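Residue numbers (the numbering used here): 1002 to 1370.
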């Protein structure tokens, strides 16, 4: 069915795995070509998909020259969307979600995000969305004909957006009313400066995501000049790669997309190389997944913290495989049990032992009240 929405990449039609060295990603990538059918999707893995052909092919030309990060990584290239239309392309995400394939999207306009998110919505999947962006792309005030992609997500019914976290926003670009809206809905938002100060604090946020969206304008223009709008401040390419590696390692993350890349502004392909590096670090993280999300208590160590006063006791879990931590929320969530474990850090546990609870965990509690 995917061939209804996808077509082979013209850039890959002119090449074959033999054109690459054995150590390169291009050598092991199973590509959808005109002469072949869609590669087998039953064995899982990561799939490259272009929502805009020109931009995606520029990134491919860089990515497939890079080394494969693991011997057993399964990489598929499913080509490019036949039409650059978010609603039309939503079944791509929906079908891959059912198949257990993790797609990596490359798109141009930021509205391409909707193809990624609509797939979850149509699959009736209660979704945690993490957006890396310098701007909050929704209207907190009534403005005629000014909808942005988050407006469309917020307006969908029934509501299947369980949680939203925004990483790297810059206060001087955003309406204070938008920040207040996020606060009122117990969503998370982290300023650029906070991420630069301690990027490791983003790891549990990304570990809690189902879908991760990375707007290229979150990077400073000197590291990614083919973005829109252009900003002089932002994340460095190294920090962007660290965040995408966190996302790749997160067991729950089932899709990742980079948007806002305009190929005509990138004659040297430097920006394409930056995006290719970001995708490479996601793939490396994916290869390192521990699959220790607490669907059961096997291989987990329990830690109970008794709080002063009338506050309920807290139950923390530590993975014996990875050393990562979760906080178990004291609510019955039979239908959505996967949301009752909030990723956290050892630092969060030690703060709780000192009778302090970090803000992000307090807000997590409030989402269930």
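Positions of the beta carbon are idealized from the N, C-alpha and C atoms, including for glycine. Keep in mind the model is a prediction, meaning the values are calculated, not measured.
Quick check on DSSP: helix, strand or coil for residue i?
| i | result |
| --- | --- |
| residue 1192 | strand |
| residue 1058 | helix |
| residue 1170 | strand |
| residue 1362 | helix |
| residue 1218 | helix |
| residue 1128 | strand |
| residue 1071 | coil |
Please go through the same chain and pick out, in chain order, the residues whose beta-carbon is closer than 7 angstroms to the beta-carbon of residue i, but skip the five residues on each side of it.
| i | result |
| --- | --- |
| residue 1395 | Given a span of 1002 to 1370 for the chain in the structure shown, any question on residue 1395 remains unanswerable. |
| residue 1346 | 1205, 1326 |
| residue 1114 | 1150, 1214, 1258, 1260 |
| residue 1172 | 1192 |
| residue 1153 | 1115 |
Report all residues from its chain with a CB closer than 6 angstroms to the CB of residue i; omit the five preceding and five following residues, and keep chain order.
| i | result |
| --- | --- |
| residue 1108 | 1052, 1053, 1260 |
| residue 1219 | 1133, 1134, 1135, 1169, 1235, 1236 |
| residue 1307 | 1314 |
| residue 1217 | 1225, 1228, 1261, 1262 |
| residue 1157 | 1122 |
| residue 1321 | 1300 |
I think residue i touches residue j, with their Cβ atoms under 8 angstroms apart; what is that distance to the nearest whole Å?
| i | j | result |
| --- | --- | --- |
| residue 1067 | residue 1025 | 7 angstroms |
| residue 1295 | residue 1301 | 6 angstroms |
| residue 1003 | residue 1039 | 5 angstroms |
| residue 1103 | residue 1255 | 6 angstroms |
Between the Cα of residue i and the Cα atoms of the options, which residue gives the shortest distance?
| i | options | result |
| --- | --- | --- |
| residue 1317 | 1218, 1348, 1077, 1291 | 1348 |
| residue 1072 | 1029, 1309, 1124 | 1029 |
| residue 1010 | 1104, 1043, 1056 | 1056 |
| residue 1344 | 1104, 1202, 1282 | 1202 |
| residue 1224 | 1284, 1207, 1242 | 1242 |
| residue 1126 | 1162, 1100, 1093 | 1162 |
| residue 1268 | 1284, 1160, 1059, 1159 | 1059 |
| residue 1089 | 1005, 1250, 1160 | 1005 |
| residue 1367 | 1039, 1065, 1164 | 1164 |
| residue 1131 | 1069, 1207, 1292, 1077 | 1207 |
| residue 1120 | 1342, 1070, 1100, 1166 | 1100 |
For residue i, which residues in the same chain have their Cβ closer than 8 angstroms to its Cβ, ignoring the five residues on either side in sequence?
| i | result |
| --- | --- |
| residue 1142 | 1176, 1178 |
| residue 1274 | 1063 |
| residue 1014 | 1034, 1035 |
| residue 979 | Lying before the first or after the last residue shown, residue 979 is absent from the chain, which here runs from 1002 to 1370. |
From the DSSP output, which residues share a beta bridge with residue i?
| i | result |
| --- | --- |
| residue 1094 | The partner list for residue 1094 (beta bridge, DSSP) is empty, contrary to what the question assumes. |
| residue 1345 | 1326 |
| residue 1281 | Partner(s): none; residue 1281 has no beta bridge. |
| residue 1319 | 1302, 1326 |
| residue 1081 | 1008, 1051 |
Considering only heavy atoms of the ligand PLP, does any lie closer than 8 angstroms to the CB of residue i?
| i | result |
| --- | --- |
| residue 1254 | No copy of the ligand PLP appears in this structure; indeed no ligand is present at all. |
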